[in-house]
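Numbering of the sequence shown is given in the UniProt record's numbering, commencing with residue 1 and proceeding in unit increments.
As structure tokens, the structure follows; a few thoughts come after it.
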Amino acid sequence: LTMDLQILPLGDQSKAGIRGVNFSGGQRQRVNLARCAYADADLVLLDNALSAVDHHTAHHIFDAAIKGLFADKAVVLVTHQIEFMPQCDAVAIMDEGRCLYYGKWNAEAQGLLGKLLPITHLLHAAGSQEAPPAAPKTKKNAQEGSKEAPQKSESVQLTLAPTSIGKPNPGGPEGPAVHMSALKAFFIYTRYGNFVLVGICFMFFLAAQTTRQISDFWVRWWVNDQYDKFPAKRVQDSSATKFYSLVYLLLVGLFYLMMLLRGSSFLWWVLRSSENLRRKALHNVLHAPMGFFLVTPVGDLLLNFTKDQDIMDENLPDAVHFMGIYGLILISTTITVSVTINFFGAFTGFLILMTLFMLSIYLPAATALKKARAVSGGQLVGLVAEVLEGLSVVQAFSKQ
Numbered sequence: 001l002t003m004d005l006q007i008l009p010l011g012d013q014s015k016a017g018i019r020g021v022n023f024s025g026g027q028r029q030r031v032n033l034a035r036c037a038y039a040d041a042d043l044v045l046l047d048n049a050l051s052a053v054d055h056h057t058a059h060h061i062f063d064a065a066i067k068g069l070f071a072d073k074a075v076v077l078v079t080h081q082i083e084f085m086p087q088c089d090a091v092a093i094m095d096e097g098r099c100l101y102y103g104k105w106n107a108e109a110q111g112l113l114g115k116l117l118p119i120t121h122l123l124h125a126a127g128s129q130e131a132p133p134a135a136p137k138t139k140k141n142a143q144e145g146s147k148e149a150p151q152k153s154e155s156v157q158l159t160l161a162p163t164s165i166g167k168p169n170p171g172g173p174e175g176p177a178v179h180m181s182a183l184k185a186f187f188i189y190t191r192y193g194n195f196v197l198v199g200i201c202f203m204f205f206l207a208a209q210t211t212r213q214i215s216d217f218w219v220r221w222w223v224n225d226q227y228d229k230f231p232a233k234r235v236q237d238s239s240a241t242k243f244y245s246l247v248y249l250l251l252v253g254l255f256y257l258m259m260l261l262r263g264s265s266f267l268w269w270v271l272r273s274s275e276n277l278r279r280k281a282l283h284n285v286l287h288a289p290m291g292f293f294l295v296t297p298v299g300d301l302l303l304n305f306t307k308d309q310d311i312m313d314e315n316l317p318d319a320v321h322f323m324g325i326y327g328l329i330l331i332s333t334t335i336t337v338s339v340t341i342n343f344f345g346a347f348t349g350f351l352i353l354m355t356l357f358m359l360s361i362y363l364p365a366a367t368a369l370k371k372a373r374a375v376s377g378g379q380l381v382g383l384v385a386e387v388l389e390g391l392s393v394v395q396a397f398s399k400q
């Protein structure tokens, strides 16, 4: 597992499975062999354990594990690689469930295999077993060899070099590889919801807040009799009260209509944006090459289509909706008070600058803590789920 631990982002502390890295077939075989070695059982059953690895790794496993770690144990190896037969204590040749031969590896067993296996398989096995080590090349031969087979050397480099899995992401072991600013993220969210629809929604937000402010001002004008509808000495006057109350009723009705249009347009926008983003993400995943799934943990994909999708459908629309409502209320209230009290505008500007300064300090730390909480929370939930799911297996094998 030396090369595998070098490739994994956190070495032997890497998380594998649904929320972790994906293992190849050879890595799964080697991890299972390591688990078998740690189990320290007297009888070891290896069902085609050398099939998913390359030739060099298969010989390394056979020499270091089967003949090394399992040297004092009874090992039953099921394999089709006959180059290992001469090193076995006993060989059993099976054909469709029938044992045709059992004993030492000799000419009889080799002849029997010659009748069962194709000749190409035997020639390949014999060549891999008897091939002498390559002689050192001279400078001239090395140059000719590099011209003749550039692809082979490249494949060897790609096999031995650590892949992109081994490079930790800047945001942590499970953090995103690409960080996007909040402004750019909101721009993408807006673009997938249609800019025209966003503009209409913003106009309804402004209209609703404007009608609300006008209705509040109208109450003030009503109390002060801005239009001189009441007689000089008579406070109670049915025609004046009817005039002011009717206008106020119309303003309140218009405000409720703008609220309805504001909510409908906003819901249309966020639904359209969420559906388009989900459809785009699903299309990209379904049309991604196979290499994408080899370097991308399945847990990240599941997280994007479950928790992240839920945040985009529930939390983000609520945050944007309340920001639009209370932001306009704050702006309109500030303007109203500043018109009445002149020096309040300068004081408000100072408060805005201080608030922006404090947010510039608080938001980066809060964002980092939120990301750490999301990562650690997912790991904790996954650990508890795996423990509860594996309790029956642990009890069945008496490994409490």
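No residue lacks a Cβ here, since even glycine has one placed at the ideal position from N, Cα and C.
- [ ] Alpha carbon to alpha carbon, how far is ASP318 from PRO173? Give it in angstroms, no decimals.
- [x] Position 173 of the sequence shown, counting from 1, holds the residue named residue 173. Position 318 of the sequence shown, counting from 1, holds the residue named residue 318. In this prediction, PRO173 has a pLDDT of 42, which is less than 50 and means its spatial position is unreliable; what the coordinates show is noted afterwards. The alpha-carbon atoms of PRO173 and ASP318 are separated by roughly 30 angstroms.
- [ ] Check each candidate in ALA39, LEU8 and ARG30 and name the one with the smallest Cα separation from THR57.
- [x] On the sequence shown, residue 57 is found 57 positions in, with the first residue counted as 1. Comparing C-alpha distances from THR57 to each of ALA39, LEU8 and ARG30 shows the shortest one belongs to ARG30.
TODO: Determine the extent of the beta strand (DSSP E) in which ILE93 is found, giving its start and end residues.
DONE: Translated into the one-based positions of the sequence shown, residue 93 becomes position 93. Where ILE93 is concerned, the enclosing beta strand (DSSP E) stretches over 91–95.
Task: Distance, TYR362 Cα to MET354 Cα - done: Along the sequence shown, read from residue 1 onward, the residue named residue 354 stands at position 354. Along the sequence shown, read from residue 1 onward, the residue named residue 362 stands at position 362. If you draw a straight line from the Cα of MET354 to the Cα of TYR362, it is about 12 angstroms long.
TODO: Taking 8 angstroms as the cut-off, decide whether the C-beta atoms of PHE204 and ARG262 are in contact.
DONE: Along the sequence shown, one-based indexing puts residue 204 at 204. Along the sequence shown, one-based indexing puts residue 262 at 262. Yes, these two residues count as a Cβ contact at 8 angstroms.
TODO: Check LEU113 in the structure and name its three-state DSSP category.
DONE: As a working note, residue 113 is residue 113 in the sequence shown. Helix at LEU113.
- [ ] Measure from the alpha carbon of VAL198 to the alpha carbon of each residue in THR241, LYS184, LEU250 and PHE266, then state which is nearest.
- [x] Position 198 of the sequence shown, counting from 1, holds the residue named residue 198. In terms of Cα proximity to VAL198, the closest of THR241, LYS184, LEU250 and PHE266 is PHE266.
TODO: Report yes if the C-beta distance between ALA208 and PHE255 is below 8 angstroms; otherwise report no.
DONE: On the sequence shown, residue 208 is found 208 positions in, with the first residue counted as 1. On the sequence shown, residue 255 is found 255 positions in, with the first residue counted as 1. Yes.
Open item on the list: Would GLN81 and LEU50 be called neighbours here (beta carbons separated by less than 8 angstroms)?
Closed with: Mapped onto the sequence shown, residue 81 falls at position 81. Mapped onto the sequence shown, residue 50 falls at position 50. Cβ atoms of GLN81 and LEU50: closer than 8 angstroms.
TODO: State buried or exposed for GLY193, treating a residue as buried only when at least 16 other CB atoms are found within 10 Å of its CB.
DONE: Numbered from 1 along the sequence shown, position 193 holds the residue referred to as residue 193. Around the beta-carbon of GLY193, 16 or more other beta-carbon atoms lie within 10 Å, marking it buried.
Open item on the list: Is the separation between the beta-carbon of VAL91 and that of ALA109 shorter than 8 angstroms?
Closed with: Position 91 of the sequence shown, counted from the start, is the residue given in the question as residue 91. Position 109 of the sequence shown, counted from the start, is the residue given in the question as residue 109. Annotated as proximal: VAL91 and ALA109, with beta-carbon spacing under 8 angstroms.
- [ ] Buried or exposed for MET258, please, with buried defined as at least 16 other CB atoms from any protein chain shown within 10 angstroms of its CB.
- [x] To locate residue 258, count along the sequence shown from 1; it is residue 258. It counts as buried.
Task: Three-state class that DSSP yields for TYR101 in the structure shown - done: Along the sequence shown, one-based indexing puts residue 101 at 101. Residue state, collapsed to three classes: strand.
Task: Secondary structure, alpha helix (DSSP H): runs of 4+ residues fully inside the segment 301–326 - done: If we require 4 residues or more, the alpha helix (DSSP H) runs fully inside the segment 301–326 come out as 307–310.
Task: Rounded straight-line distance, which links the Cα of LYS104 to that of LEU112 - done: For the purposes of this step, residue 112 is taken as residue 112 along the sequence shown, with counting starting at 1. For the purposes of this step, residue 104 is taken as residue 104 along the sequence shown, with counting starting at 1. LEU112 and LYS104 have their C-alpha atoms roughly 13 angstroms apart.
Task: Among ILE329, ALA185, LEU206 and LEU8, the one whose alpha carbon lies nearest that of ASN22 - done: For the purposes of this step, residue 22 is taken as the residue at position 22 of the sequence shown. Nearest of ILE329, ALA185, LEU206 and LEU8 to ASN22, Cα basis: LEU8.
Open item on the list: Using only the alpha-carbon positions, how far apart do ASP47 and ASN304 sit?
Closed with: The count along the sequence shown starts at 1 and reaches residue 47 at position 47. The count along the sequence shown starts at 1 and reaches residue 304 at position 304. C-alpha separation (whole angstroms): 37 angstroms.
Task: Burial state of PHE350, where buried means 16 or more other Cβ atoms lie within 10 Å - done: What you label residue 350 is simply residue 350 of the sequence shown in a count that begins at 1. Exposed, since its Cβ has fewer than 16 Cβ neighbours within 10 Å.
Open item on the list: Check for me: the alpha helix (DSSP H) holding VAL75 runs from which residue to which?
Closed with: To locate residue 75, count along the sequence shown from 1; it is residue 75. Where VAL75 is concerned, there is no enclosing alpha helix (DSSP H), although the beta strand (DSSP E) it sits in stretches over 74–78.
Task: Member of THR210, ARG220 and THR190 whose CA lies at the smallest distance from the CA of LEU271 - done: Here residue 271 is taken as the residue at index 271 of the sequence shown, counted from 1. LEU271 has its Cα closest to that of THR190, out of THR210, ARG220 and THR190.
Open item on the list: I need the straight-line Cα distance from ILE311 to MET180, nearest angstrom please.
Closed with: Start at 1 with the first residue of the sequence shown, and residue 311 comes out as number 311. Start at 1 with the first residue of the sequence shown, and residue 180 comes out as number 180. Going by the C-alpha atoms only, they are around 17 angstroms apart.
TODO: Could you name the residues of the same chain whose beta carbon sits closer than 7 angstroms to that of ALA16, not counting the 5 residues immediately before and after it, in chain order?
DONE: Translated into positions along the sequence shown, residue 16 becomes position 16. Closer than 7 angstroms at the Cβ level, and outside the excluded window around ALA16, lie PHE23.
Open item on the list: Taking a contact to mean a Cβ-Cβ separation below 8 angstroms, would you say VAL247 touches TRP218 in this structure?
Closed with: The count along the sequence shown starts at 1 and reaches residue 247 at position 247. The count along the sequence shown starts at 1 and reaches residue 218 at position 218. Cβ distance < 8 angstroms, so VAL247 and TRP218 count as in contact.
TODO: Can you grab the Cα-Cα spacing for the pair VAL75 / MET290, in whole Å?
DONE: Position 75 of the sequence shown, counted from the start, is the residue given in the question as residue 75. Position 290 of the sequence shown, counted from the start, is the residue given in the question as residue 290. About 36 angstroms.
Open item on the list: Once DSSP output is grouped into helix, strand and coil, what is the label at LEU1?
Closed with: If you number the sequence shown from 1, residue 1 lands on position 1. Looking at LEU1 - three-state DSSP - the assignment turns out to be coil, as it is neither helix nor strand.
TODO: Just mark LEU33 as buried or exposed, buried being the case when its beta carbon has 16 or more other beta carbons within 10 Å.
DONE: The count along the sequence shown starts at 1 and reaches residue 33 at position 33. It is buried - the Cβ of LEU33 has at least 16 other Cβ atoms within 10 Å.
Open item on the list: I need the straight-line Cα distance from ARG35 to LEU1, nearest angstrom please.
Closed with: Start at 1 with the first residue of the sequence shown, and residue 35 comes out as number 35. Start at 1 with the first residue of the sequence shown, and residue 1 comes out as number 1. If you draw a straight line from the Cα of ARG35 to the Cα of LEU1, it comes to about 11 angstroms.
- [ ] Alpha carbon to alpha carbon, how far is HIS59 from LEU294? Give it in angstroms, no decimals.
- [x] Within the sequence shown, the letter at position 294 stands for residue 294. Within the sequence shown, the letter at position 59 stands for residue 59. Just so you know, the alpha carbons of LEU294 and HIS59 end up roughly 25 angstroms apart.
TODO: Find out if the Cβ-Cβ distance for the pair LEU301, VAL285 is shorter than 8 angstroms.
DONE: The count along the sequence shown starts at 1 and reaches residue 301 at position 301. The count along the sequence shown starts at 1 and reaches residue 285 at position 285. With contacts defined as CB atoms closer than 8 angstroms, LEU301 and VAL285 qualify as a contacting pair.
Open item on the list: DSSP three-state label for LEU45, please.
Closed with: Along the sequence shown, one-based indexing puts residue 45 at 45. Correct three-state label for LEU45: strand.
Open item on the list: If you follow the alpha helix (DSSP H) that ASN224 is in, where does it begin and where does it stop?
Closed with: Here residue 224 corresponds to residue number 224 of the sequence shown, with the count starting at 1. Membership of ASN224 in the alpha helix (DSSP H) is indicated by the continuous run 195–224.
- [ ] Measure the beta-carbon distance from LEU251 to THR211 and round it to whole angstroms, keeping in mind my assumption that it falls under 8 angstroms.
- [x] Taking the sequence shown and counting its residues from 1, one reaches residue 251 at position 251. Taking the sequence shown and counting its residues from 1, one reaches residue 211 at position 211. With a Cβ gap of about 6 angstroms, LEU251 and THR211 count as contacting.
Open item on the list: Classify CYS201: buried if its beta carbon has 16 or more other beta carbons within 10 angstroms, exposed otherwise.
Closed with: Counted from its first residue, the sequence shown places residue 201 at position 201. When all chains shown are included, CYS201 counts as buried.
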